[in-house]
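**Student:** Before anything else, here's the structure in question.
Numbering (our numbering), first residue to last: -19 to 167.
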């Protein structure tokens, strides 16, 4: 069975896109690309600084540019792409994902997301003004509701990262990815 050439991971911040992406690319022996990391490398600025100095619109434009670069680059053994949480908000990015990738939305509960975000020292510009756990939960819920349509428009499947362990998450992505690729090959 064939696996998809491009597997894109989308979802809310803290859901595990980078962690799952690295593990999945290792298991598939393919390239791994993290759009946020590439933007930081290319601009020489942290995401926080990009938001502060250049604005969110500039950052979203960079996400599209980076996604296009990744998809154009040669990838003999395929690639796994961990997309920034806001990347699917753009119709252009949704189309790129739908046309070129098997796209997996990673999901988990608001409580688990809040715990992961609080435990991580990564500065998250969209959450930097949050001062309590309760406020964080409210903001996560609000942002997830706002983004739900965009994620669902781009995703081929959803996989839960709070209920399944890492091996089950990867196995699910690989199984459904093979089914997706086989269906595409028959069309």
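Every residue gets a Cβ at the ideal spot worked out from N, C-alpha and C, and that includes glycine.
Contact defined as beta carbons within less than 8 Å: I believe residue 43 pairs with residue 23. What is the distance between those atoms, to the nearest angstrom?
**Tutor:** Looking up residue 43 in the chain shown gives position 63. Looking up residue 23 in the chain shown gives position 43. Rounded, the Cβ-Cβ distance is 12 Å, inconsistent with contact.
**Student:** Would you mind working out which of 90, 154 and -16 sits nearest residue 170, comparing C-alpha positions?
**Tutor:** The shown model of the chain, from -19 to 167, leaves out residue 170, and the question about it has no answer.
**Student:** Taking 7 Å as the cut-off, is the CB of residue 76 close to at least one heavy atom of the ligand COA?
**Tutor:** Absent from the structure shown: the ligand COA. Ligands present: none.
**Student:** Please go through the segment 25 to 86 and give each complete beta strand (DSSP E) segment of 3 or more residues, from N-terminal end onward.
**Tutor:** Whole beta strand (DSSP E) segments, 3+ residues: 59 to 62.
**Student:** Over the uninterrupted alpha helix (DSSP H) stretch that includes residue 4, give me the two end residues.
**Tutor:** If you number the chain shown from 1, residue 4 lands on position 24. Per DSSP, residue 4 belongs to the alpha helix (DSSP H) from -3 to 8.
**Student:** For the candidate residues 165, -12, -7 and -18, whose alpha-carbon lies nearest to that of residue 98?
**Tutor:** Position 118 of the chain shown holds residue 98. Comparing Cα positions, the closest option is -7.
**Student:** To which residues of the same chain is residue 168 closer than 6 Å at the C-beta, ignoring the five residues directly before and after it?
**Tutor:** No information on residue 168 is available, as it lies outside the stretch -19 to 167 that the chain covers here.
**Student:** Leaving out five residues before and five after residue 85 in sequence, what residues of the same chain have Cβ atoms less than 6 Å from its Cβ?
**Tutor:** On the chain shown, residue 85 is found 105 positions in, with the first residue counted as 1. So the list reads -10, -9, 131, 135 and 138, once near-sequence residues are dropped.
**Student:** State the start and end residues of the unbroken beta strand (DSSP E) segment that holds residue -13.
**Tutor:** The residue you call residue -13 lines up with position 7 of the chain shown. -14 to -10 is the extent of the beta strand (DSSP E) around residue -13.
**Student:** Name the DSSP bridge partner or partners of residue 13?
**Tutor:** Position 33 of the chain shown, counting from 1, holds the residue named residue 13. Per DSSP, 61.
**Student:** Is the segment 2 to 16 touching the segment 49 to 68 in the sense that three or more CB pairs, one from each, lie closer than 8 Å?
**Tutor:** Yes, they touch.
**Student:** Could you pull out every residue in the same chain whose Cβ sits closer than 7 Å to the Cβ of residue 64, ignoring the five residues on either side in sequence?
**Tutor:** Locating residue 64 in the chain shown gives position 84, where the first residue counts as 1. Around residue 64: 15, 16 and 43.
**Student:** With a 10 Å radius around its C-beta and 16 neighbouring C-beta atoms as the bar for buried, classify residue 1 as buried or exposed.
**Tutor:** The residue given as residue 1 occupies position 21 in the chain shown. That one is buried.
**Student:** On the DSSP letters alone, give me the boundaries of the beta strand (DSSP E) that residue 138 sits inside.
**Tutor:** As a first step, residue 138 is located in the chain shown; it is residue number 158 there, counting from the start. Looking at the DSSP string, the run of the beta strand (DSSP E) that includes residue 138 is 137 to 140.
**Student:** Helix, strand or coil for residue 101? Go by DSSP, reduced to three states.
**Tutor:** Looking up residue 101 in the chain shown gives position 121. Here residue 101 sits in coil by DSSP.
**Student:** When you compare the CB positions of residue -5 and residue 126, do they come within less than 8 Å of one another, or not?
**Tutor:** Taking the chain shown and counting its residues from 1, one reaches residue -5 at position 15. Taking the chain shown and counting its residues from 1, one reaches residue 126 at position 146. Against a cut-off of 8 Å, the Cβ pair of residue 126 and residue -5 comes out as no contact.
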